[in-house]
Structure formats: C-alpha cells, structure tokens
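**Student:** Every position in the sequence shown, counted from 1, becomes a number in this note's numbering once 362 is added.
Positions of the beta carbon are idealized from the N, C-alpha and C atoms, including for glycine.
Can you keep this structure in mind? I'll have questions shortly.
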Amino acid sequence: MCGIIGFIGQNAQKTILNGLELLEYRGYDSAGLAMRTQKMKNTEIFKCKGRVRDLRNIVPEEDNASGCGIGHTRWATHGGVCDQNAHPHKSGKVTLVHNGIIENYADLTEEYELEDVLVSETDTEVVAALLDKYYDGDPQKTIWHVAKKLRGTYALVIMFEDIPDRIFAIRNVSPIVVTTKDDNAILASDPAALYQFSKSYFVLPEESILCMEQGTIRMTDQAGNLIEPEYQTVDWEVESVGKKGYPFFMEKEIMEQPEAIKRILEHYIKNDEISFAEEKIPDEVLYSFDHICIVACGTALHAGMIGQTLLKRWANMRVDVEMASEFMYSDTRVDEHTLFIAVSQSGETIDTMGALKKAKECGATCLAILNVRGSSISREADYVLYTDAGPEIAVASTKAYTTQLLIFYLFALKAATLKGLMGKEEFKEALGELKKLPNAMTKILEMKNEIHLLSKEVVTAPDLFMIGRGLDYLVLLEGALKLKEISYIHTEAYAAGELKHGTIALITEGTPVIAAVTQKPLLAKSLSNVKEIKARGANVVLLTRSGLTKEIEGGYHVIELPDLSDAFMPFLEIEALQLYAYFVSSDKGLDVDKPRNLAKVVTVE
Ligand code: AGP
Numbered sequence: 363m364c365g366i367i368g369f370i371g372q373n374a375q376k377t378i379l380n381g382l383e384l385l386e387y388r389g390y391d392s393a394g395l396a397m398r399t400q401k402m403k404n405t406e407i408f409k410c411k412g413r414v415r416d417l418r419n420i421v422p423e424e425d426n427a428s429g430c431g432i433g434h435t436r437w438a439t440h441g442g443v444c445d446q447n448a449h450p451h452k453s454g455k456v457t458l459v460h461n462g463i464i465e466n467y468a469d470l471t472e473e474y475e476l477e478d479v480l481v482s483e484t485d486t487e488v489v490a491a492l493l494d495k496y497y498d499g500d501p502q503k504t505i506w507h508v509a510k511k512l513r514g515t516y517a518l519v520i521m522f523e524d525i526p527d528r529i530f531a532i533r534n535v536s537p538i539v540v541t542t543k544d545d546n547a548i549l550a551s552d553p554a555a556l557y558q559f560s561k562s563y564f565v566l567p568e569e570s571i572l573c574m575e576q577g578t579i580r581m582t583d584q585a586g587n588l589i590e591p592e593y594q595t596v597d598w599e600v601e602s603v604g605k606k607g608y609p610f611f612m613e614k615e616i617m618e619q620p621e622a623i624k625r626i627l628e629h630y631i632k633n634d635e636i637s638f639a640e641e642k643i644p645d646e647v648l649y650s651f652d653h654i655c656i657v658a659c660g661t662a663l664h665a666g667m668i669g670q671t672l673l674k675r676w677a678n679m680r681v682d683v684e685m686a687s688e689f690m691y692s693d694t695r696v697d698e699h700t701l702f703i704a705v706s707q708s709g710e711t712i713d714t715m716g717a718l719k720k721a722k723e724c725g726a727t728c729l730a731i732l733n734v735r736g737s738s739i740s741r742e743a744d745y746v747l748y749t750d751a752g753p754e755i756a757v758a759s760t761k762a763y764t765t766q767l768l769i770f771y772l773f774a775l776k777a778a779t780l781k782g783l784m785g786k787e788e789f790k791e792a793l794g795e796l797k798k799l800p801n802a803m804t805k806i807l808e809m810k811n812e813i814h815l816l817s818k819e820v821v822t823a824p825d826l827f828m829i830g831r832g833l834d835y836l837v838l839l840e841g842a843l844k845l846k847e848i849s850y851i852h853t854e855a856y857a858a859g860e861l862k863h864g865t866i867a868l869i870t871e872g873t874p875v876i877a878a879v880t881q882k883p884l885l886a887k888s889l890s891n892v893k894e895i896k897a898r899g900a901n902v903v904l905l906t907r908s909g910l911t912k913e914i915e916g917g918y919h920v921i922e923l924p925d926l927s928d929a930f931m932p933f934l935e936i937e938a939l940q941l942y943a944y945f946v947s948s949d950k951g952l953d954v955d956k957p958r959n960l961a962k963v964v965t966v967e
C-alpha cells in the first residue's frame, strides 16, 4: 500500500527519500516528493514511475537546506502506473499526497465541474482541486470543509503555496503516525519510517487536523480546540528493522522464527500454566461463548483456519472462519454470544478492520491477534493478544504466521482446560510439545540446503500442486500462498481427498506436487491419494516426519521433518515450505521482499 512521509527540518529532501525507502516494503509502483525550502520561490514536485532510486535520479542535489516536504510511494488504485498519476498532486495553491480510496471522486468531479483542471486519472487529484477551489487562506477551515464531502478512506498530507513552512494532515481509517525531535517534525504511514528520529510517536486521531511546523506540532478538532497527542513507544529495537546481513528480509524473518516462538512461550507460559493475565483477558472470554468467528486475510486467514481446527478439537467449540473481504458484505450469524477473533500482522488491513467494526455493531466481543502494537485494530478490539514477532518487513508473511499459530494453540489449550475437556496429563503433554518447538524449528532451518536443492527442480515450472488432508491441507494453503506470491508459479493447495472430484484432470506427466503426509490417522488415505497422482505422472515430493517414513514405500523425494505429535507438525511443515518458496524466488532472481503487485499492508478494499 501507499507510503507517506511529511517532514520539516534539516536535510529535508534527504530525510524524505530515506523515509520512503523505509516504507518500500509496503509495496508500490511509483514515487515522488514535493519540496519547499527558503531558497525556493514555490513548491517543487519531482515524481516518476518506478522505485525510490529512480526518484533519487531526478531530484536536484541536496544542499542540506532546511525546509519542508512531503513524499509518497504509490500503489496504484485509480489510474495506471505512470509519472502523471504518481503523487504528489498539485492544484493551484495546494500540493498533497494521499493513501486510501476516495470512493465518490467521480461524483465530486462532476458536481464541482473539475474535469478541466484535472490532468491525472487519480482520485487524489480531485481532492487537491477541491481544496484549491475552497482555499481562502485558512487551511484548517478549508480542509474541514472538503473532508466532509469525501467518502472513503484517506490519509491526506497537504502543503499550501502561501504557507511555505507548514504541513497539514488529516486521516480517515488510513494510518498516520507522528513524532518530533529537536527542530524536526516528521509524519509517516507507519512507525518504520520514524525510528530514525524517535521510538516514541503518536497516531493522528481521526477527526483532527495536524499542523506541523519547525519542531512543533499542533492538533485541533473541528471547533479549533487543541488535542493533546497520546504518545506510545515502539517496542522493537531499531536495529531489528535492518537485514542483519541476509540478502532479503524474508530470509532473516524465516530464521527469526525459533526465537520468536521461544519468546512467546516464555511470555504466556508461567509455571506450566498458560496465562493471559498480563493482557487482562478474563477466563470467561475463553470458554463462555457459544460461537467463535475468526476473520482475517491471506496468511492470517490461514492461521485462523488452523485455529479453528484446534478450538473444535480441543475445546469443542463451534467455530467459523471467514475471509474479511467476504465477511463484511455477507450475511452473518455474529451476535452478543459470539467471540470474534480478528487476526492481523499489521493491525491495519482495512478488510479485517471493517469486519471487526461490523462484528462490534452486531454485539460481538472482539479479540485481536496482532503483531504491531498501537495499530488501528488494536485500538478497536476489546482484547488483544500480541505475537511480538518483531518487525516483519518482507511482504510475504512468515514469522507472523507461526507466531499467530502459537497464539491459537495456547488459546485453544487454555480454553480446553477451563472447560474441563482436557485432563492434566494431556495438557502437560501438549505443553511439552510446544516447548520442543524452538529446537525442532531450528532443525528445519538447518535443512535449508537440502530444501534448496529440491526447490531447484521447480524453478521453471508453470504450475505446482500441494495436497494433504486435515492439518496438512490447512498448512499447505499457506505454503501455496508463499510460493505463488514470491515466485509467481501458479500454485494450488488441494485437499487430497478432493482431487478426484475434478482437479486430478490437471495432473499430467511431470506435474510437480508436494504431498504433506504427517498426520498418522490420515496416513493410509493420504498415501493412496499420492499413488493416484503418481500413477498419472506427477513428480511428487513428500513432506513427512521421521516417525512415518518407514511406513512409506520408496520412489519419492522425501523431506523428512523431525517428529512432533501430529497436531504440532504445522510449525515444522510451514518452515520447510517457506524456505522452499524463498529459494525458488531468489533462484529466479526475483525481488523476494517486494513481489510484483503486492503490498505489505493492504489499506484499500
Ligand atoms: C501473506 O504473505 C501476505 N503478505 C498477505 O496475504 C497478508 O497476510 C494479508 O494481507 C494480511 O495482512 P495482515 O496480517 O497484516 O492483516
């Protein structure tokens, strides 16, 4: 999604460019900035299709001047990818950047006869034209007047030609975070761009206008009343935002998983009991609801699907899992008897936020499983369980998934014991398996060369299938997403028992298939499905565990994982699949961290 920087202070242009690079992981296809220094008679705009490095090639040499400016990385929504549609947009005295979608931009264009002044295809330029149309020298009054006409989501950062030393901002849903240091003031789409200045920042409240000047910031409500910022501190060590020597953030984040899992186990398991006391989640939240509804997107949705299996199996709960974009616009059975669980790494995904708001309107109690503290969803939920996986920069989610899984395992185990459905022995065994995870997951990482070798067989494959049953199938959904989103190989995960109902028609000589076979009760059935596709020419790689290998006849490439109890195998399977996808993408010479068309945080519907 789009990235925004607003800055006032020393070395303004350099700071904005560096800030935009820190936001590149959000995904974009063009970049631009607008500058105003004492030496400039008016605001100057530089923007182009491509990367921030291309923008660096077209901006003038920095003269370390102090000044103010706004920068933007654009993930195209309205209008193609071209220089003209890149931000910032300027209309008369107004220059601005925008993150979000103005749903009624066409109506506004027609109603206010703006066609003749517009030169781009974007919804954003319509806002600039409206602001200029109404601008009477009072920025706040103008911004309020226009904001009331807008429908949709926006983070707008605005400069006025006749006020060269100030930047204004207003938001609705799309995020803006702000901080100051000495004579500098900076705002951005997320804290990643603020670390260079401070670990303390605040979220610009909706229904307020920010005015940034040299080293000072003022927020006012529509009546002009001052609003005090509510600062919070980012809990990640600044250096953890770097790559630490890895070629890509994704590899670093895959490697960080055992440590992240260990951290969570230490945080939530005290004296062999699972405790959510620090998060102030009452026990009754875990056992007193008739219905649980888990809603998320992408990888987070896949984690929720495993959560569903665990809550049904261990806590005998009625659990629905829905994708957020569908949940918002479909009939729902959510009510005051529902525990609604929103899962999100960023805590900013607009579909998930929208679903959460709908669930609250229906009377549900809302728990969020998040990675980013202080994110928008964290402020909307009744309760939050943090994964604390540290910053996840690569677009492809890895450590967020395994830490989300762990939160679901802990939640389901605690619910099962509170409901009297799991005895002490079984609970102790389960905790024992969880405590094995950091070492077992480290062992998978030590298999990376073997996995890399196997992955080379599919670097040029156009299609790939992943098949499994039960938990194996659910974890393959995530494995398939990893491979397709970073290697661009069309990959489908299929329930092994479902193949013969249609999809097996696609299996031909040499079709690459990864078959996950780690669940002992499903072993025979899974293997017979594997034989069906092998008989039709598939080139099968078996993902299994050492305790089952002897029951599997030869003739397959095998990735043999360390033995854990069936229910805990997804942690190991997904690490192997993450590495597999990573190596295919890097061997194809692709930008593993920033796959085409994708964004790390999806803040548009
Ligand atoms: C997964 O690799 C993708 N980056 C994407 O599916 C992501 O999981 C999804 O957009 C949800 O993001 P969130 O967890 O920040 O809400």
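With DSSP collapsed to three states, give me the class of T765.
**Tutor:** Helix.
**Student:** Going by the C-beta, is S536 closer than 7 Å to any heavy atom of ligand 1?
**Tutor:** No, the beta carbon of S536 sits no closer than 7 Å to any heavy atom of ligand 1.
**Student:** Could you check the C-alpha separation between E462 and C364 for me, to the nearest Å?
**Tutor:** It is Gly, not Glu, that sits at residue 462 in the sequence shown. In a straight line, the C-alpha of G462 is about 8 Å away from that of C364.
**Student:** Which whole runs of the beta strand (DSSP E) in the region 435-485 are 3 residues long or more, in chain order?
**Tutor:** Segments of the beta strand (DSSP E) lying fully in the region 435-485: 451-453, 456-464.
**Student:** Between the Cα of G859 and those of G841, L395, L868, L889, spot the shortest distance and give me the residue it belongs to.
**Tutor:** Nearest C-alpha to G859: L889.
**Student:** Does the Cβ of S759 lie closer than 7 Å to at least one heavy atom of ligand 1?
**Tutor:** Because some heavy atom of ligand 1 lies under 7 Å away, the Cβ of S759 counts as near it: yes.
**Student:** What's the call for N447, buried or exposed, on a 16-neighbour Cβ count within 10 Å?
**Tutor:** Its Cβ being crowded by 16 or more others within 10 Å, N447 is buried.
**Student:** Pull up the CB-CB distance for T405 and M521, whole angstroms please, since I reckon it's below 8 Å.
**Tutor:** Indeed, because the Cβ distance is near 6 Å, the residues count as touching under 8 Å.
**Student:** What does the alpha-carbon distance come out to for the pair F564 and D949?
**Tutor:** Spanning the two alpha carbons is a distance of roughly 41 Å.
**Student:** Suppose you measure from the CA of F930 to the CA of Q576; what does that come to, to the nearest Å?
**Tutor:** Their Cα atoms are separated by approximately 54 Å.
**Student:** Indicate the three-state DSSP secondary structure (helix, strand or coil) for Y608 in the structure shown.
**Tutor:** Reduced to three states, the DSSP call for Y608 is coil.
**Student:** Which whole runs of the beta strand (DSSP E) in the region 816-895 are 3 residues long or more, in chain order?
**Tutor:** Fully enclosed beta strand (DSSP E) runs of 3 or longer: 825-830, 852-857, 874-879.
**Student:** As an exercise, report each continuous beta strand (DSSP E) stretch of at least 3 residues that is fully enclosed by the region 708-773, in chain order.
**Tutor:** DSSP runs (the beta strand (DSSP E)) wholly in the region 708-773: 727-732, 745-748.
**Student:** Are the Cβ atoms of P800 and K624 separated by less than 8 Å?
**Tutor:** In contact: P800 and K624 (Cβ atoms closer than 8 Å).
**Student:** In whole angstroms, give me the CA-to-CA distance for I579 and M715.
**Tutor:** Roughly 28 Å between the two C-alpha positions.
**Student:** Scan the region 642-668 and note each continuous alpha helix (DSSP H) run of 4 residues or more that stays entirely inside, going in chain order.
**Tutor:** The qualifying runs are 645-649.
**Student:** Do you know whose CA, among V683, D498, L458, Y557, lies nearest T516's CA?
**Tutor:** Checking the sequence, you will find Tyr at residue 516 rather than Thr. Checked all of V683, D498, L458, Y557; the closest Cα to Y516 is L458.
**Student:** If distances are taken between C-alpha atoms only, which option among V757, A943, L648 comes closest to G841?
**Tutor:** The shortest Cα separation from G841 among V757, A943, L648 belongs to A943.
**Student:** Reducing DSSP to helix, strand and coil, say where R415 ends up.
**Tutor:** Of the three classes helix, strand and coil, the one that applies to R415 here is helix, per DSSP.
**Student:** What are the boundary residues of the beta strand (DSSP E) that includes I914?
**Tutor:** Element bounds for I914: n/a, residue is neither H nor E.
**Student:** If I measure Cβ to Cβ from S970 and keep anything under 7 Å in the same chain, skipping five residues before and after, which residues do I get?
**Tutor:** The displayed coordinates of the chain run from 363 to 967. Any statement about residue 970 would go beyond what the structure contains.
**Student:** Between which residues of its own chain and T853 is the CB-CB distance below 6 Å, once the five residues before and five after are set aside?
**Tutor:** Taken in chain order, the residues that qualify are L826, A842, L845, K846.
**Student:** Based on DSSP bridge pairs, tell me the residues matched to N901.
**Tutor:** Paired residues: P874.
**Student:** Taking 8 Å as the cut-off, does the region 642-660 touch the region 772-789 (at least 3 CB pairs, one atom from each stretch)?
**Tutor:** Yes: at least three Cβ pairs fall under 8 Å.
**Student:** In terms of alpha-carbon separation, which member of L566, G909, I420, D955 lies closest to P609?
**Tutor:** Taking only the C-alpha atoms, the option nearest P609 is D955.
**Student:** Would you call the CB atoms of L861 and N891 closer than 8 Å?
**Tutor:** Result yes, Cβ atoms of L861 and N891 sit closer than 8 Å.
**Student:** In terms of DSSP beta bridges, what is F702 paired with?
**Tutor:** Answer by DSSP bridge pairing, in chain order: C655, C728.
**Student:** Quick one: what does DSSP say V681 is sitting in, helix, strand or coil?
**Tutor:** DSSP places V681 in strand when its eight states are reduced to three.
**Student:** For the region 782-797 against the region 671-686, are there 3 or more C-beta pairs whose distance is under 8 Å?
**Tutor:** Yes: the two stretches touch, three or more of their Cβ pairs being nearer than 8 Å.
**Student:** Under a three-way DSSP split, which group does T399 fall into?
**Tutor:** Here T399 sits in strand by DSSP.
**Student:** Are L385 and T435 close, meaning C-beta to C-beta below 8 Å?
**Tutor:** Yes.
**Student:** At what residues does the beta strand (DSSP E) containing S562 begin and finish?
**Tutor:** S562 -> beta strand (DSSP E) spans 562-565.
**Student:** Check whether the Cβ of L905 lies closer than 7 Å to any heavy atom of ligand 1, and answer yes or no.
**Tutor:** Flag unset: Cβ of L905 not near ligand 1.
**Student:** Roughly how many whole angstroms lie between the Cα atoms of L512 and S849?
**Tutor:** C-alpha separation (whole angstroms): 39 Å.
**Student:** Whole angstroms is fine: what's the gap from T455's alpha carbon to S428's?
**Tutor:** Checking the sequence shown, residue 455 turns out to be Lys, not Thr. Rounded to the nearest angstrom, the two C-alpha atoms are 21 Å apart.
**Student:** Assuming the contact rule is C-beta atoms closer than 8 Å, A665 and Y763 should be a hit. Round their C-beta distance to whole Å, please.
**Tutor:** Indeed, because the Cβ distance is near 5 Å, the residues count as touching under 8 Å.
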